[in-house]
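Okay, so here's the structure we're looking at.
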Amino acid sequence: METFKAGLEGVVAATTTLSEVDGARGELTIAGFPVGEIASNATFEEAVWLLWHGDLPTAQELKAFRAELAGKRELPRAATSLLREAAGANLDSMDALRMAAGTISLSSTDAARILATMPTILAAYSRLKRGEEPLAPRRDLGHAANMLYMLTGATPDPERVRALETYLNTVIDHGLNASTFTVRVIISTGSDLVSAVVGGLGALKGPLHGGAPGPALDMVFEIGTADRAEQVLREKLGRGERLMGFGHRVYKVRDPRADVLAAAAERLFTRAGDMKLYRLAREVESVAIRLLEEQKPGRHLQTNVEFYTALVLHGLGFDVSLFTPTFAVSRTAGWIGHAFEQQRANRLIRPQSEYVGPRGRKWMALADRIAESHAG
Ligand code: ACO
């Protein structure tokens with residue numbers, strides 16, 4: 006029998022042409038492109054096409070794909086009433102997204118439909134929670150621009166669209182992370198795309214995966230001013246807390262996505278004329294890295310993608326509750342790309358466990374167990 010690997014660390018469980026995570030060099034390649042190339046140049050639709058088809062689209066393909074997504078943004082009626090109930094119960098946004106994503110089976114289960122409806126669900130839920138009615142999607146806008154429109158009701162300016170697309174492209178795929186693995190496991194059983202995406206959403210929600218940016222931003226706000234960073238972070242580490250936005254299972258150097266998003270955040274905050282939060286975040290980052298090295302020497306705990314995700318999305322005016330769902334809007338494209346790959350060369354994913362429990366026990370009837378406990 007193979008030896009047990011906690012967390013499957015270092016185990017290679019799939020081959021992929023979608024992305025490569027080089028943890029030692031701190032490099033992320035998306036279908037052959039360094040992440041920085043795709044992040045700030047591609048539209049989200051181009052990045053998705055690249056993942057799903059292996060190459061950039063022609064002008065005609067891109068036009069048709071944009072139109073296809075734009076035509077598939079409407080939600081089934083059941084999704085909206087479910088979201089209304091969820092808002093009434095003040096459910097977590099990721100729970101609402103997961104529940105509503107399951108209703109997509111009522112329309113159709115094709116990949117474009119699933120991807121196209123994610124921002125509609127997110128925006129509808131956000132508006133319902135604020136006591137506002139959901140807005141119908143606009144066909145004349147791209148995926149990112151329409152998402153911003155559905156959230157605010159205003160046509161977004163190109164720089165905000167670019168910032169959101171940069172974010173979405175940066176996190177679109179990332180090797181065999183926990184949620185992508187979940188998706189591949191579900192698809193490997195012969196199950197469908199909606200089921201796989203719903204499973205992916207469940208895995209992404211956790212604070213050790215996609216749930217970190219909210220707490221990362223809370224931490225920066227809690228610190229408030231740079232001179233408090235050391236004291237607050239020391240206290241957190243002293244209590245055994247993890248600093249959100251730092252550390253990674255694969256990267257042992259700085260997460261390359263953090264650089265891409267730090268640059269995007271800097272552009273956004275410079276434009277808004279308010280660099281205070283950005284500068285504070287950079288201070289907090291450098292103190293956090295220093296303290297992590299001091300307290301966990303040799304662990305190489307560096308900034309991960311979530312730290313600057315928080316800053317970019319906050320700069321876009323997103324509420325903290327939208328951070329992880331926005332990650333999901335993008336990662337759904339990666340999940341579907343992996344689902345296609347898994348379907349093309351499928352083998353049921355079925356690892357083994359190592360039994361470490363007792364053996365050779367003898368059955369004792371309930372009456373005898375009661376008698377024994379009374380006797381004891
Ligand atoms: N703050 C404080 N200590 C940390 C942190 C952190 N952010 N990350 C790891 N450590 C510590 C661990 O407690 C452990 O210490 P120990 O050996 O004394 O017990 C040591 O560093 C090694 O950590 P592991 O748990 O082995 O690292 P693992 O690979 O399991 O965890 C993870 C990676 C989950 C991302 C972790 O670094 C973490 O919890 N970070 C904070 C949450 C976060 O930012 N998540 C987003 C990740 S990016 C993404 O998924 C999109």
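Just so you know, we're using this note's numbering here: the sequence shown kicks off at 6 and counts up by one.
Just so it is clear, CB atoms sit at the ideal spot from N, CA and C, and this is done for glycine as well.
TODO: With hydrogens ignored, establish whether the beta-carbon of Glu-311 is closer than 7 Å to any heavy atom of the ligand ACO.
DONE: yes
- [ ] With DSSP collapsed to three states, give me the class of Leu-371.
- [x] helix
TODO: Answer yes or no: do Gly-180 and Val-255 have a C-beta to C-beta separation smaller than 8 Å?
DONE: yes
- [ ] Tell me the start and end of each unbroken alpha helix (DSSP H) in the region 69-129 that is at least 4 residues and wholly inside, in chain order.
- [x] 82-93, 98-107
TODO: Could you please give me the residues that DSSP links to Leu-33 through a beta bridge?
DONE: Val-26
TODO: Name the two residues that bound the continuous alpha helix (DSSP H) containing Leu-282.
DONE: 281-300
Open item on the list: For a test of the three-state rule: what should DSSP assign to Phe-251, helix, strand or coil?
Closed with: strand
TODO: Could you round the C-beta distance between Glu-50 and Gly-147 to whole angstroms and report it? I think they count as a contact, below 8 Å.
DONE: 6 Å
Open item on the list: I need the DSSP call for Phe-38, collapsed to helix, strand or coil.
Closed with: strand
Open item on the list: Whole angstroms are fine: how far does the CA of Phe-332 sit from the CA of Leu-285?
Closed with: 24 Å
- [ ] Classify Thr-275 as helix, strand or coil using the three-state DSSP reduction.
- [x] helix
Open item on the list: Which residues does DSSP list as the beta-bridge partners of Thr-308?
Closed with: Phe-251
- [ ] Taking only heavy atoms of the ligand ACO into account, decide whether any of them is closer than 7 Å to the Cβ of Lys-10.
- [x] no
Open item on the list: Looking at the ligand ACO, does it come within less than 7 Å of Lys-301, judged from the CB to the closest heavy atom?
Closed with: yes
Open item on the list: For Ile-354, tell me which candidate among Gly-243, Ile-192, Gln-307 has the shortest Cα-Cα distance.
Closed with: Ile-192
Task: Close Cβ partners of Pro-161 (< 7 Å) along its chain, the five nearest in sequence each way excluded - done: Ala-150, Leu-153, Tyr-154
Task: Contact under 8 Å by Cβ, Leu-273 with Tyr-313 - done: no
Open item on the list: If the criterion is Cβ atoms closer than 8 Å, does the pair Thr-187 and Ala-168 meet it?
Closed with: no
Task: Thr-175 vs Arg-262 beta-carbon contact at 8 Å - done: yes
TODO: Taking only heavy atoms of the ligand ACO into account, decide whether any of them is closer than 7 Å to the Cβ of Met-99.
DONE: no
Task: Enclosing alpha helix (DSSP H) for Leu-206 [first to last residue] - done: 198-209
- [ ] Could you give the DSSP three-state label for Ser-358: helix, strand or coil?
- [x] coil
Open item on the list: Taking 8 Å as the threshold (C-beta atoms), are Pro-330 and Leu-127 in contact?
Closed with: yes
TODO: Find the nearest neighbour of Ala-270 within the set Met-104, Thr-171, Glu-377, judged by alpha-carbon distance.
DONE: Thr-171
Open item on the list: In this structure, how does DSSP classify Asn-151 when only helix, strand and coil are distinguished?
Closed with: helix
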